[in-house]
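Colleague: Starting off with a structure, shown below.
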Amino acid sequence: MKNAKEPLPDFKDVKVSLKNIFGFTPQVYVPVIWGILIVLLLFFLLFFPGIIKNGSYILFKSYPEKSLLYLDEKLMGTTPCEIFVPSGKHKLEVIKPFYTTYRVEEAFKGSLFASLFFPLKSEKQIFMKIANSADLINNTKIDFSRWGMLKEFTKTYPFAPIFSDFVKLYQNSQNSLEADQINDLINSILPFVDSPSEAYDVLNGFSRLYAEENPLGPVSMIKFLKSIISIKQKAPLFAYWLVSFLPIQPDSQYAYMKESLFTKLVSSPWFQQIDKQIKENGTQLIKNMKAPRTSKAKSIGNIDFIMINPDPNSGYMMGNHDRFSKSLSQWENAFPHWVKPSSFAMAGHEVTNREYYQFTMETPIWHPNELDYLLTKNWVTKSYLSHWLGGKPKDEDWDKAVTNVSWEAAKAFCDWLEDKADFKFEVRLPTEIEWEYSAYWDTGDKAVFERTPVSLKASWDLEPGNLGFKGLLGNTWEWLEDDYAPLGFQLNISSVFGSEKVVRGGSYMNIDHEEIKFFTRGSQIPTWSSEFLGFRPVYQVK
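Residue numbers (my numbering): 87 to 628.
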């Protein structure tokens, strides 16, 4: 039997009435309560946010950009950046290397009304003054040289308009460059221009530098071209630098171009005439080269040196001699050019572990036990002397060339050796001219490679070359004194300012001896400590 449902009660006659409160009827206090709630709501929406967070959002912009922004000694980010600044006085600092620190105590406003919906916003521009012009210019040179070492730009390493940005920032700082600074910049930057993007960056930067009108206008272009012409007069191989950064394929944006700019220029009568003349002159100069006179030089410690005295009536064709019998390639970092070496004395062998160990004993900061200190100084990498055991070479390595040493370490060794000399000579690493001149007359294309097994040979076991040097080609790569520039030879610039140092000679790991010639050029950052890289010193009268 199913349970019967009870009927629902009827509430239509039920009435609810509010009681009086403190003698006030509901008709009086209910509107008051609603009014108070609305006022509180408006207060918390329009005024309370401004009370607990009274201030403004300020977009800080600085020239130059990417400067460190500090508020009350707390790092807030890099410019440009927008931050909330509480109302009141605050200590503001903007810091950028090579610029005078911008430091002020400033009062900032706030907004009480409707700051939640309409926050107070403003913009503050800060123009920083250059504190150290020379260091800033040198830093720009190094940055440009680092990017100049890239053969192509990618998403990981996108093109950066370093030079034109530098000029723009320099002008915004209301500073001006002197004529000698401009010439120094030209000499430092052009040897690294080997792509259309870098060429445009330089053109844009110098047009701004010379601008008395909008960039790339007639007046600024004339001034820029005058600077280029002055370089052309000093650099017989200027035409080869000019073609080095031109695109070798036609630009796809211009369908009417059947030939690339590179092909057009190389096939032009102007270039063909220059190329023919340089080939003829170069071939004749090579035929007339004379070998240097050599003699046994004074030794320093246990290191024997060979004195090289170039023929005073002859010079040397530095670079790849085959270039005069072959067609031009777009990018050649060993382009042949005429130089006049001076007399110098170079070590007959690469510095050995035994000789370097003595240096570390007398100069303890360069001992491998001080690796942490050397790393903090950014003088070496972690592989510095990593082949030594217990702070000294292995028994079988004492007379092998020392490796895993940085350029900085090699320079320190040269300074130590100079202090030990009983004569007033400057001891340093070889220049490119000195090293290649010696390698050409000592070895030509003859290299020393350990074939089976592949390993480093003891310096004494190497066969001496025509001038008496051991291991100039093969055994280890060797640190040189000079900064590296891909196209310095074309511009006849003997001293460049770069981020990497030249290395020469190849190592025992270069199995194919055809890879390494007397003109083969390489480069490494000065701190790099590689198991395939050593050095030998030279000295010259101070």
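Quick reminder that beta carbons are idealized off the backbone N, C-alpha and C, glycines included.
Measuring CB to CB, does Tyr594 end up less than 9 Å from Leu558?
Modeller: By one-based count along the sequence shown, residue 594 stands at place 508. By one-based count along the sequence shown, residue 558 stands at place 472. No, Cβ-Cβ distance for Tyr594 and Leu558 is not below 9 Å.
Colleague: Unbroken alpha helix (DSSP H) runs of length 4 or more, entirely within the region 510–594: which are they?
Modeller: 518–528
Colleague: What did DSSP end up calling Asn395 once you bin it into helix, strand or coil?
Modeller: In the sequence shown, the residue the question calls residue 395 occupies position 309. In this structure, Asn395 counts as strand in the three-state DSSP scheme.
Colleague: Nearest to Glu159 by CA position, among Glu191, Ile138, Ser148, Leu131, is which residue?
Modeller: Position 73 of the sequence shown, counted from the first residue, corresponds to residue 159. Closest by C-alpha distance to Glu159, out of Glu191, Ile138, Ser148, Leu131, is Glu191.
Colleague: Taking all protein chains shown into account, decide if Pro398 is buried (16 or more other Cβ within 10 angstroms of its Cβ) or exposed.
Modeller: As a position in the sequence shown, residue 398 is number 312, starting the count at 1. It counts as exposed.
Colleague: Output the boundary residues of the beta strand (DSSP E) element that contains Glu179.
Modeller: Position 93 of the sequence shown, counted from the first residue, corresponds to residue 179. Its beta strand (DSSP E) spans residues 174–181.
Colleague: Can you tell me the Cα-Cα spacing of Pro516 and Ile223, whole angstroms?
Modeller: Start at 1 with the first residue of the sequence shown, and residue 516 comes out as number 430. Start at 1 with the first residue of the sequence shown, and residue 223 comes out as number 137. When rounded, the distance between both Cα atoms is 27 Å.
Colleague: Just to confirm the assignment: which complete alpha helix (DSSP H) runs, minimum length 4, are found wholly within the region 119–174?
Modeller: 134–138
Colleague: Please report the Cβ distance between Trp565 and Ala498, rounded to the nearest whole angstrom; I am assuming they are in contact, meaning their Cβ atoms lie under 8 Å.
Modeller: For this step, residue 565 is matched to residue 479 along the sequence shown. For this step, residue 498 is matched to residue 412 along the sequence shown. Incorrect: roughly 12 Å between the Cβ atoms, too far for contact.
Colleague: Taking just the CA atoms, how far does Pro396 sit from Lys377?
Modeller: Residue mapping note: residue 377 aligns to position 291 of the sequence shown, counting from 1. Residue mapping note: residue 396 aligns to position 310 of the sequence shown, counting from 1. For clarity, residue 377 is Ala in the given sequence; the question names Lys instead. Answer to the nearest angstrom: the Cα atoms are 7 Å apart.
Colleague: Considering just the uninterrupted stretch of the beta strand (DSSP E) at Ser250, what are its terminal residues?
Modeller: Here residue 250 refers to the residue found at position 164 of the sequence shown. Segment 248–258 is the alpha helix (DSSP H) holding Ser250; no beta strand (DSSP E) there.
Colleague: Rounded to whole angstroms, what's the CA-CA distance from Thr165 to Glu151? Just pull it up for me.
Modeller: For the purposes of this step, residue 165 is taken as residue 79 along the sequence shown, with counting starting at 1. For the purposes of this step, residue 151 is taken as residue 65 along the sequence shown, with counting starting at 1. Near 6 Å, if we compare the C-alpha coordinates of Glu151 and Thr165.
Colleague: Taking the C-alpha atoms as reference points, what is the distance between Asp251 and Tyr185?
Modeller: Taking the sequence shown and counting its residues from 1, the one referred to as residue 251 is at position 165. Taking the sequence shown and counting its residues from 1, the one referred to as residue 185 is at position 99. Taken atom to atom, the span from the alpha-carbon of Asp251 to that of Tyr185 is near 15 Å.
Colleague: Using the beta-carbon count (16 or more within 10 Å), is Ile275 buried or exposed?
Modeller: Numbered from 1 along the sequence shown, position 189 holds the residue referred to as residue 275. With 16 or more other Cβ atoms from the protein chains shown falling within 10 Å of its own Cβ, Ile275 counts as buried.
Colleague: Between Gly174 and Ala200, is the Cβ-Cβ spacing less than 9 Å?
Modeller: To locate residue 174, count along the sequence shown from 1; it is residue 88. To locate residue 200, count along the sequence shown from 1; it is residue 114. Cβ distance not < 9 Å, so Gly174 and Ala200 don't count as in contact.
Colleague: Roughly how many angstroms lie between the CA atoms of Trp493 and Lys195, to the nearest whole one?
Modeller: As a first step, residue 493 must be located in the sequence shown, where it is residue number 407. As a first step, residue 195 must be located in the sequence shown, where it is residue number 109. Answer to the nearest angstrom: the Cα atoms are 55 Å apart.
Colleague: Beta strand (DSSP E) containing Ser469: first to last residue?
Modeller: Counted from its first residue, the sequence shown places residue 469 at position 383. Taken as a continuous stretch (DSSP letters only), Ser469 belongs to no beta strand (DSSP E), as it is neither H nor E.
Colleague: Would you kindly report the start and end of the unbroken alpha helix (DSSP H) that includes Trp327?
Modeller: By one-based count along the sequence shown, residue 327 stands at place 241. Where Trp327 is concerned, the enclosing alpha helix (DSSP H) stretches over 324–330.
Colleague: Between the region 511–528 and the region 427–437, are three or more C-beta pairs nearer than 8 Å?
Modeller: yes
Colleague: Quick test of your reading: Gly620 and Val488, contact by CB under 8 Å. State the CB separation rounded to the nearest angstrom.
Modeller: Residue numbering aside, residue 620 sits at position 534 when the sequence shown is read from its first letter. Residue numbering aside, residue 488 sits at position 402 when the sequence shown is read from its first letter. Right, the Cβ-Cβ distance comes to about 6 Å (below 8 Å), so this counts as a contact.
Colleague: Where does Ile602 fall in DSSP's three states?
Modeller: Mapped onto the sequence shown, residue 602 falls at position 516. In the three-state DSSP reduction, Ile602 falls in the coil class, being neither helix nor strand.
Colleague: Where does the unbroken beta strand (DSSP E) through Glu264 begin, and where does it stop?
Modeller: By 1-based counting over the sequence shown, the position of residue 264 is 178. Neither: Glu264 is in no beta strand (DSSP E) and is coded neither H nor E.
Colleague: With DSSP as the reference, label Pro285 as helix, strand or coil.
Modeller: One-based indexing of the sequence shown puts residue 285 at position 199. Contrary to the premise, residue 285 reads as Ala rather than Pro in this sequence. DSSP places Ala285 in helix when its eight states are reduced to three.
Colleague: If you drop the 5 nearest sequence neighbours on each side, which residues of the same chain put their C-beta closer than 8 Å to that of Asn106?
Modeller: Reading the sequence shown from its first residue, position 20 is the one you call residue 106. Within the same chain, Asn106 has close Cβ partners Pro112.
Colleague: Which first and last residues belong to the beta strand (DSSP E) in which Glu54 is found?
Modeller: Residue coverage of the chain in this structure runs from 87 to 628, which leaves residue 54 outside it and unanswerable.
Colleague: Which residue wins for smallest C-alpha separation from Asp221, given the options Trp563, Ser283, Gln267?
Modeller: Here residue 221 refers to the residue found at position 135 when the sequence shown is read from its first residue. The residue with the shortest Cα to Cα distance from Asp221 is Gln267.
Colleague: Tell me whether Val114 sits in a helix, a strand or coil according to DSSP, three-state version.
Modeller: Indexing the sequence shown from 1 puts residue 114 at position 28. Residue state, collapsed to three classes: helix.
Colleague: Does Ser585 pass the burial test, meaning 16 or more other C-beta atoms within 10 Å, or should it be called exposed?
Modeller: Reading the sequence shown from its first residue, position 499 is the one you call residue 585. Under this definition Ser585 is a buried residue.
Colleague: Per DSSP, what kind of secondary structure is Met447 in: helix, strand or coil?
Modeller: One-based indexing of the sequence shown puts residue 447 at position 361. Helix at Met447.
Colleague: Return the chain-ordered list of same chain residues with a C-beta closer than 8 Å to the C-beta of Glu448, the five sequence neighbours on each side being excluded.
Modeller: Counting from one through the sequence shown, the residue named residue 448 turns up at place 362. Take Glu448, set aside five residues on each side of it, and the residues of its chain with a beta-carbon closer than 8 Å to its own are Trp502, in chain order.
Colleague: So what does DSSP say about Tyr340, is it helix, strand or coil?
Modeller: Position 254 of the sequence shown, counted from the start, is the residue given in the question as residue 340. In this prediction, Tyr340 has a pLDDT of 46, which is less than 50 and means its spatial position is unreliable; nothing more can be read from the coordinates.
Colleague: From the DSSP output, in three-state form, read off Asp213 for me.
Modeller: In the sequence shown, the residue the question calls residue 213 occupies position 127. Note that residue 213 corresponds to Phe in the displayed sequence, not to Asp. Looking at Phe213 - three-state DSSP - the assignment turns out to be strand.
Colleague: Can you give me the start and stop residues for the beta strand (DSSP E) that Val624 sits inside?
Modeller: Along the sequence shown, one-based indexing puts residue 624 at 538. Element bounds for Val624: 624–627.
Colleague: Does the beta-carbon distance from Leu145 to Trp327 come in below 9 Å?
Modeller: As a working note, residue 145 is residue 59 in the sequence shown. As a working note, residue 327 is residue 241 in the sequence shown. Cβ atoms of Leu145 and Trp327: not closer than 9 Å.
Colleague: So, Gly554 versus Asp528, is the Cβ gap smaller than 9 Å?
Modeller: As a position in the sequence shown, residue 554 is number 468, starting the count at 1. As a position in the sequence shown, residue 528 is number 442, starting the count at 1. Yes, the pair counts as a contact, with Cβ atoms nearer than the cut-off.
Colleague: Tell me whether the beta-carbon of Tyr570 lies closer than 9 Å to the beta-carbon of Arg607.
Modeller: As a position in the sequence shown, residue 570 is number 484, starting the count at 1. As a position in the sequence shown, residue 607 is number 521, starting the count at 1. Contact flag set, yes.
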